[in-house]
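Visitor: Positions 1 to 224 (this note's numbering) are the ones given, in order, by the sequence shown. A virtual CB, placed ideally from N, CA and C, is assigned to each residue, including glycine.
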Amino acid sequence: MVKKLFTILFLLFVISAFGQRDSLRLGEKYADDQLYIGLTYNQFFNQPAQIGGTGFSYGFFGGFIKDIPVTGKGNISVGIGVGYGFDTFNHGLKVSETNTGFDFSVDNTITANKLSIHTIEFPLELRWRTSTAKKYKFWRIYTGIKIGYNLSNTFTYKSGSNTFKFNNIPNFRSWQYGITTSIGYDAFNAHVYYGLTSIFENAFIQNAPINTKILKIGLMFYIL
1 MVKKLFTILF LLFVISAFGQ RDSLRLGEKY ADDQLYIGLT YNQFFNQPAQ IGGTGFSYGF
61 FGGFIKDIPV TGKGNISVGI GVGYGFDTFN HGLKVSETNT GFDFSVDNTI TANKLSIHTI
121 EFPLELRWRT STAKKYKFWR IYTGIKIGYN LSNTFTYKSG SNTFKFNNIP NFRSWQYGIT
181 TSIGYDAFNA HVYYGLTSIF ENAFIQNAPI NTKILKIGLM FYIL
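(1) Do the segment 142 to 157 and the segment 110 to 129 make contact, defined as three or more Cβ pairs closer than 8 angstroms?
(2) Where do the N-terminal and C-terminal ends of the beta strand (DSSP E) with P69 fall, by residue?
(3) Checking 8 angstroms against the spacing of the C-beta atoms, do N150 and T119 come in under that value?
(4) Taking DSSP as the reference, what is the three-state secondary structure of I210?
(5) Counting only the same chain and skipping the five closest in sequence on each side, list residues whose C-beta sits under 7 angstroms from that of T163.
(6) Secondary structure at D87, three-state DSSP: helix, strand or coil?
(7) Our contact map puts V95 next to F166 with C-beta atoms below 8 angstroms; I'd like the distance itself, whole angstroms only.
(8) If you pair each beta-carbon of the segment 123 to 131 with each one of the segment 73 to 93, do three or more pairs fall below 8 angstroms?
(9) F45: which of M220, L224, I223 and I214 sits nearest, CA to CA?
(10) Between which two residues does the beta strand (DSSP E) harbouring V106 extend?
(11) Going by Cα to Cα distance, which pick from F89, L224, Y84 and I51 is closest to K135?
(12) So, with DSSP's three-state summary, where would you put E201?
(13) Thinking just about the alpha-carbon of each residue, which of K216, G218, S198 and M220 is nearest to the one in Q47?
(14) Just to confirm before moving on: does the CB-CB distance between I183 and Y194 stay below 8 angstroms?
(15) Tell me, to the nearest whole angstrom, how far the beta carbon of T40 is from that of I217; I am working on the premise that it is less than 8 angstroms.
(16) According to DSSP, simplified to helix, strand and coil, what is L124?
(17) Could you tell me which of D186, P209 and N168 sits nearest to M220, measuring between CA atoms?
(18) Compute the beta-carbon to beta-carbon distance between G92 and I51, rounded to the nearest angstrom, for a pair I have assumed lies under 8 angstroms.
(19) Where does I117 sit, in a helix, a strand or coil, going by DSSP?
(20) Looking only at its chain, what residues have a beta carbon closer than 6 angstroms to the beta carbon of S161, apart from the 5 residues adjacent to it on each side?
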């Protein structure tokens, strides 16, 4: 599934690249189709009090955004895109399988407790920039929402000499979304994703709901 997704994204990259070159010949009103990649430092927030902080966690993402100008000069636009994201978290939540489903608890004796997530992403942005049809280096502020559909989630940890692994648990929320902001100059931009939805549904620890959300802070690079 992931290989097929990469193939589709690569084809979209090529189409977008040629589309942008043509658009720059149309005059002052232009469409700035952009390919992007990014790296983030990830943290969980809004966690139950019993769970400790998140260890070093990271993510990367990439995709393309179709730029739709809403002004004659093209410096204000709406962006609609599709992409792929991978995130990994070192966390303090123990996942166990029972006869009735999955149980969540805290166990300080386990090690290498990780969550890996593969996501197909759909960004929607309102974009402001200082560019023109012939100016390729410019300031930008892009803000909007990013909707994600979970392709897979994997929880792994070690307890003694045993390794436990759980794939695609049903309590992991399939659709998630959050606010995004990218601010920068030329190819280099600071990027923030602030999750608005919990990553779990119908998940409890000691009868309290688990409302864990995701915060990502990193760099976003625009290639075209």
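Guide: Working from what's here:
(1) Output reads yes: the segment 110 to 129 touches the segment 142 to 157.
(2) That run of the beta strand (DSSP E) goes Y58 to P69.
(3) Yes; because the gap between Cβ atoms is below 8 angstroms, this pair is in contact.
(4) Coil at I210, not helix or strand.
(5) Taken in chain order, the residues that qualify are T156.
(6) Taken through DSSP and simplified to helix, strand or coil, D87 comes out as strand.
(7) About 5 angstroms separates the beta carbon of V95 from that of F166, a gap short enough to meet the 8 angstroms contact definition.
(8) Cβ pair count under 8 angstroms is three or more, so yes.
(9) Closest in C-alpha terms to F45, from the list M220, L224, I223 and I214, comes I214.
(10) It is not in any beta strand (DSSP E) - V106 carries neither H nor E in the DSSP assignment.
(11) Checked all of F89, L224, Y84 and I51; the closest Cα to K135 is L224.
(12) Coil.
(13) Among K216, G218, S198 and M220, the Cα nearest to that of Q47 is on S198.
(14) Contact: no.
(15) The pair is a contact, with the Cβ atoms about 6 angstroms apart (cut-off 8 angstroms).
(16) In this structure, L124 counts as strand in the three-state DSSP scheme.
(17) That would be D186, whose Cα lies nearest to the Cα of M220.
(18) Indeed they touch by this definition, with Cβ atoms about 5 angstroms apart.
(19) Note: I117 maps to strand in three-state DSSP.
(20) Hits under 6 angstroms: none found.
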